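J.: I have a structure I would like to understand better, so I am pasting it below and will then ask my questions one at a time.
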Amino acid sequence: MKAGALFGFLGSGLPLIATLRGYRLAWLGKDSIAGLSACIVSIPSVIAYAELVHLPAITGLYAALAAAIGYALFSSSRHVIAGPDAAIGLLAGSAILPLSGGDPARIVVLAAILSILSGVVLLLAARLKLGVIADLLSRPVLIGYLNGASLVLIATQLGKMFGIKTEGEEFFHIVFTVFQKLPQTHLATFFFGVLLVVLLFALAHWLPRVPGALAVCAVAIAATFVLDLGSYGVALVGEVPSGFPHLTIPAVHWADLAALAPAAVAIAFLAFSDGILLAQTFAEKNGYEVSPNRELVALGSANILAGLWQGFPVSASQSRTSIVDSAGGRTQLAQLILAVGLLLFLFFLTGLIALLPKVALGAILIVTAIGMLEVASLKGLYKIDRVECGIAMGVTAAILLAGVVPGIILGLLLSLTTVLIEVSRPDDAVLR
136 MKAGALFGFL
146 GSGLPLIATL
156 RGYRLAWLGK
166 DSIAGLSACI
176 VSIPSVIAYA
186 ELVHLPAITG
196 LYAALAAAIG
206 YALFSSSRHV
216 IAGPDAAIGL
226 LAGSAILPLS
236 GGDPARIVVL
246 AAILSILSGV
256 VLLLAARLKL
266 GVIADLLSRP
276 VLIGYLNGAS
286 LVLIATQLGK
296 MFGIKTEGEE
306 FFHIVFTVFQ
316 KLPQTHLATF
326 FFGVLLVVLL
336 FALAHWLPRV
346 PGALAVCAVA
356 IAATFVLDLG
366 SYGVALVGEV
376 PSGFPHLTIP
386 AVHWADLAAL
396 APAAVAIAFL
406 AFSDGILLAQ
416 TFAEKNGYEV
426 SPNRELVALG
436 SANILAGLWQ
446 GFPVSASQSR
456 TSIVDSAGGR
466 TQLAQLILAV
476 GLLLFLFFLT
486 GLIALLPKVA
496 LGAILIVTAI
506 GMLEVASLKG
516 LYKIDRVECG
526 IAMGVTAAIL
536 LAGVVPGIIL
546 GLLLSLTTVL
556 IEVSRPDDAV
566 LR
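Each residue of the sequence shown is one higher than the one before, counting from 136 in my numbering.
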């Protein structure tokens with residue numbers, strides 16, 4: 136595709152331009168409040184999600200900034216907020232770590248390549264008008280993936296909670312290592328982590344309007360400052376750079392592209408399936424329509440920009456989208472205001488991250504993972520269709536035994552097989 140044709144394809148009927156042409160000044164106040172609210176709530180979460188990809192905390196902010204700009208420019212949804220996501224982050228981290236050899240610099244490069252590759256897959260799908268592919272991901276497979284990913288996510292954070300070192304992404308290996316190293320538990324880290332987990336659950340139960348992750352980070356930073364937790368051996372995030380992320384084109388090798396391609400396809404599939412469902416839900420609630428192909432372009436652009444800005448793969452965020460909607464956000468301008476808030480934080484407030492204990496990020500991710508568990512949905516499947524329940528449990532088992540990437544690839548193949556079987560079997564009524 137020629138450069139001119141590509142830009143014409145990306146920009147044709149740009150939804151943001153149409154929105155700005157009909158923009159009312161009366162909407163600016165609510166868009167500003169919605170964008171800033173989502174920004175404040177997102178900062179601790181996106182920093183935590185960077186840990187899932189084995190990247191420095193600052194890259195979570197880079198990815199969130201890139202996603203906000205890329206998605207707002209091209210999305211037909213006026214409410215969906217794009218950015219780092221726990222399920223996508225775990226999938227990306229699982230794909231990258233085995234290829235990196237534990238080299239931090241190589242992890243940064245691989246994360247950028249994976250993000251760009253995922254974006255290219257999404258743009259190709261948009262070019263081929265494959266917006267219907269979201270329907271291929273069956274509900275049982277999604278339930279199985281979320282349950283498996285949640286359990287792996289919890290396991291990967293146990294090392295932070297106990298103050299011990301764990302390696303890899305394999306569920307049973309991590310759990311075995313933690314049990315083996317229990318005598319080495321760093322007690323100050325463990326008790327502080329448990330306190331933060333309890334605080335997160337307490338806030339969710341009694342003060343649901345208070346953003347738990349933000350409150351926990353504030354408490355943790357204050358505790359570090361007042362009690363000097365670092366002197367007790369509690370690991371801190373440490374110094375992080377400030378300022379605008381540098382635009383970087385990662386060095387690409389064919390071997391890396393081939394190794395990351397399956398994960399890129401899986402990330403694109405999951406990101407779009409989740410994103411279009413979210414976009415359609417809030418569009419219906421607020422009385423407008425969204426274009427599946429336009430959402431593919433928006434997510435693709437967000438991922439490519441995240442990769443160029445030293446970030447990692449991104450998706451739509453249900454929690455941040457809900458905040459924008461509940462705050463009265465009216466247009467994509469709320470997401471651009473979120474981006475401005477992230478820029479201000481990057482230039483003036485990154486020093487606060489240095490005082491953040493790593494166990495606080497672990498606590499946030501563990502509680503996030505528990506919230507991702509689809510136990511009730513699994514019970515519902517068991518009552519309605521035990522075969523579909525078996526598919527969900529099979530995907531979960533595959534993730535726990537073989538890893539996140541093989542598990543979700545199996546799930547996608549099962550979804551495709553199910554669709555092909557349904558297509559090949561005409562309705563009985565038709566046969567009659």
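Virtual Cβ for every residue (Gly too), placed ideally from N, Cα, C.
Treat the numbers as computed from the prediction; the structure is a model and nothing was measured.
Ile216 bridges to which residues according to DSSP?
T.: Ser452
J.: Report the residue from Ile152, Val215, Leu536, Pro397 whose alpha carbon sits nearest the alpha carbon of Ser454.
T.: Val215
J.: Which term fits Trp341, buried or exposed, when burial requires 16 or more other beta carbons within 10 angstroms of its beta carbon?
T.: Residue environment analysis places Trp341 among the exposed positions, since fewer than 16 neighbouring C-beta atoms fall within 10 angstroms of its C-beta.
J.: Using the rule of at least 16 other Cβ atoms within 10 Å of the residue's Cβ for burial, across every protein chain shown, is Leu555 buried or exposed?
T.: exposed
J.: Given a cut-off of 8 Å on the beta-carbon distance, is the pair Leu293 and Ile309 in contact?
T.: Contact flag set, yes.
J.: What are the boundary residues of the alpha helix (DSSP H) that Arg521 is part of?
T.: Looking at the DSSP string, the run of the alpha helix (DSSP H) that includes Arg521 is 521-537.
J.: Please identify the residue among Pro233, Gly464, Val287 whose C-alpha is closest to the C-alpha of Ser212.
T.: Taking the Cα of Ser212 as reference, the smallest distance to any Cα among Pro233, Gly464, Val287 is reached at Gly464.
J.: Where does Gly506 land, buried or exposed, given buried means 16+ other C-beta within 10 angstroms?
T.: exposed
J.: Helix, strand or coil: how does DSSP classify Pro385 here?
T.: coil
J.: If you check the beta carbons only, do Leu240 and Val375 fall under 8 Å apart?
T.: The question names Leu, but residue 240 in the sequence shown is Ala. Not in contact: Ala240 and Val375 (Cβ atoms no closer than 8 Å).
J.: Hey, Val276 and Leu549: beta-carbon distance below 8 Å or not?
T.: Yes, these two residues count as a Cβ contact at 8 Å.
J.: Nearest-angstrom Cα distance between Ala564 and Gly525?
T.: Residue confidence for Ala564 is low, a pLDDT of 44 falling below 50, so the modelled location carries little weight and cannot support an answer.
J.: Straight-line CA distance for Gly164 to Val387?
T.: About 44 Å.
J.: Starting from the C-beta of Val540, find all residues in its chain whose C-beta is less than 8 Å away, skip the five residues before and the five after it, and write them out in chain order.
T.: Cβ within range, chain order: Leu226, Ser229, Ala230, Pro397, Ala398, Ala401.
J.: Does Pro346 come out as helix, strand or coil in the three-state DSSP assignment?
T.: Three-state result, Pro346: coil.
J.: Using CA coordinates, which residue listed in Val313, Thr320, Val522, Gly279 is at the minimum distance from Ala511?
T.: Closest by alpha carbon: Gly279.
J.: Excluding the 5 residues preceding and the 5 following Cys352 in the sequence, name in chain order all residues of the same chain whose CB lies nearer than 7 Å to its CB.
T.: Pro179, Leu491, Ala495
J.: Helix, strand or coil for Pro492, going by three-state DSSP, please let me know.
T.: The three-state reading of DSSP puts Pro492 in strand, counting E and B together.
J.: Phe447: which of Ala201, Glu305, Ala533, Ile543 sits nearest, CA to CA?
T.: Ala201
J.: Short of 6 Å in beta carbon distance, which residues of its chain neighbour Ser408, apart from the five on each side in sequence? Order them along the chain.
T.: Ala269, Leu272
J.: Using a Cβ-Cβ cutoff of less than 7 Å, which residues in the same chain neighbour Ile356 once the five nearest sequence positions on both sides are dropped?
T.: Leu487, Leu490, Leu491
J.: Between the C-alpha atoms of Leu551 and Thr291, what's the straight-line distance to the nearest angstrom?
T.: 30 Å
J.: Between the region 437-445 and the region 246-258, can you find at least three pairs of beta-carbon atoms closer than 8 Å?
T.: yes
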